[in-house]
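As given, the protein sequences belong to chains C and G, one line each in that order.
Residue numbering for the first sequence follows this note's numbering, starting at 16 and increasing by one per position.
Residue numbering for the second sequence follows this note's numbering, starting at 1310 and increasing by one per position.
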Amino acid sequence: EAEVAQSPRYKITEKSQAVAFWCDPISGHATLYWYRQILGQGPELLVQFQDESVVDDSQLPKDRFSAERLKGVDSTLKIQPAELGDSAMYLCASSFSAGTGQYFGPGTRLTVT
Amino acid sequence: QKEVEQDPGPLSVPEGAIVSLNCTYSNSAFQYFMWYRQYSRKGPELLMYTYSSGNKEDGRFTAQVDKSSKYISLFIRDSQPSDSATYLCAMSERSGGGADGLTFGKGTHLIIQP
């Protein structure tokens, strides 16, 4: 069964350092999403891509977060510099197209010390 | 008031019981409704996906959407201990630009007692 791949699964970094997460969506899925989930809360959208274009990044803290999907397949989310409040699970999801079911990867658990 | 309200629980029921999970929402523009199951420290798993009002059944799971009341439900029949997890409702609009990021509830922690 096709799955969304994410790496690393766990990341511990110090405050003010840079950190990056990688996502490979299900093959053929044109739409890719990054969400952040704080413990005890539901995921919150950070950014949505359609192919290589950003569709929605209104909730992305652009002073420190950046995301790219250069060839319209895999994607990278970066945080620089990391802050203590960034500790969370970072989830990637993909869908065949906007308006269809979104399938999530296993997530990257980030701890900022 | 959050856009999507969901009782966090925990909800504890005996094995074999019918489970009812619910969410209310305030945004009348929501058109797509989903239910996810999330085990501890794992990514959410898509269980049910519905568009607009009505019912949808898949095995032991039934999803209901009542847009007039802004209320959605997930029913689990013949509940099993393996159903113990957090259940998240999620919904989205469909904008002209294709943006359809999901708005989630907080999740309900469900415990099925053997």
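All C-beta atoms, glycine included, are put in the ideal place defined by N, C-alpha and C.
Cα-Cα separation between residue i and residue j, rounded to whole angstroms
| i | j | result |
| --- | --- | --- |
| H1418 of chain G | L1320 of chain G | 6 Å |
| E83 of chain C | D1387 of chain G | 44 Å |
| A103 of chain C | T1395 of chain G | 17 Å |
| V1313 of chain G | F111 of chain C | 25 Å |
| P1353 of chain G | W1344 of chain G | 9 Å |
| W37 of chain C | D1392 of chain G | 30 Å |
| A17 of chain C | S1361 of chain G | 27 Å |
| V19 of chain C | A45 of chain C | 13 Å |
| E59 of chain C | F1413 of chain G | 7 Å |
| Q1347 of chain G | I1421 of chain G | 15 Å |
| L1330 of chain G | D101 of chain C | 30 Å |
| L92 of chain C | K1351 of chain G | 19 Å |
| S1401 of chain G | L1355 of chain G | 14 Å |
| F1342 of chain G | G122 of chain C | 22 Å |
| F1339 of chain G | S1382 of chain G | 15 Å |
| R24 of chain C | I53 of chain C | 16 Å |
| E1366 of chain G | Q32 of chain C | 48 Å |
| G1407 of chain G | I1327 of chain G | 37 Å |
Residues that residue i contacts on chain G, provided the C-beta gap is smaller than 8 Å
| i | result |
| --- | --- |
| P121 of chain C | K1351 and G1352 |
| A113 of chain C | R1403, G1407, A1408 and D1409 |
Continuous beta strand (DSSP E) stretch holding residue i: start and end
| i | result |
| --- | --- |
| E1402 of chain G | It is not in any beta strand (DSSP E) - E1402 of chain G carries neither H nor E in the DSSP assignment. |
| S109 of chain C | A103 to S110 |
| Q1315 of chain G | Taken as a continuous stretch (DSSP letters only), Q1315 of chain G belongs to no beta strand (DSSP E), as it is neither H nor E. |
| D71 of chain C | S68 to D71 |
| G1363 of chain G | G1363 to D1367 |
| Y1334 of chain G | V1328 to Y1334 |
| H1418 of chain G | T1417 to Q1422 |
| L61 of chain C | E59 to Q65 |
| Q32 of chain C | Q32 of chain C -> no beta strand (DSSP E), and no H or E assigned at all. |
| L1411 of chain G | L1411 of chain G -> no beta strand (DSSP E), and no H or E assigned at all. |
Close Cβ partners of residue i (< 7 Å) along its chain, the five nearest in sequence each way excluded
| i | result |
| --- | --- |
| L99 of chain C | K30 and V127 |
| Y50 of chain C | P58, E59, L60, L61, L106 and A108 |
Local Cβ density within 10 Å of residue i, reported as buried at 16 or more and exposed below that
| i | result |
| --- | --- |
| K1415 of chain G | buried |
| A97 of chain C | buried |
| Q95 of chain C | exposed |
| Q65 of chain C | buried |
| G1410 of chain G | buried |
| Q117 of chain C | buried |
| G1368 of chain G | exposed |
Contacts of residue i in chain G (Cβ-Cβ under 9 Å)
| i | result |
| --- | --- |
| D71 of chain C | S1404, G1406, G1407, A1408, D1409 and G1410 |
| L106 of chain C | G1352 and P1353 |
Beta-carbon contacts of residue i that lie in its chain and below 8 Å, excluding the five residues immediately before and after
| i | result |
| --- | --- |
| V88 of chain C | D39 and P40 |
| T28 of chain C | V34, A97, L125, T126, V127 and T128 |
| D1316 of chain G | N1331 and T1417 |
| G1363 of chain G | Q1373 and V1374 |
Amino acids of chain G, ordered along the chain, whose beta-carbon sits closer than 7 Å to that of residue i
| i | result |
| --- | --- |
| Y48 of chain C | G1410 |
Interface partners of residue i on chain C, CB under 7 Å
| i | result |
| --- | --- |
| F1413 of chain G | G57 and P58 |
Beta-carbon proximity list for residue i, same chain, < 6 Å, skipping 5 on both sides
| i | result |
| --- | --- |
| Y1358 of chain G | M1343 |
| F80 of chain C | I94 |
| D71 of chain C | Q63 |
Cβ-heavy atom distance, residue i to the ligand NAD, below 7 Å
| i | result |
| --- | --- |
| T1395 of chain G | The model on display carries no ligand, and the ligand NAD is accordingly not part of it. |
Neighbour list for residue i in chain C, Cβ cutoff strictly below 9 Å
| i | result |
| --- | --- |
| G1416 of chain G | G55, Q56 and G57 |
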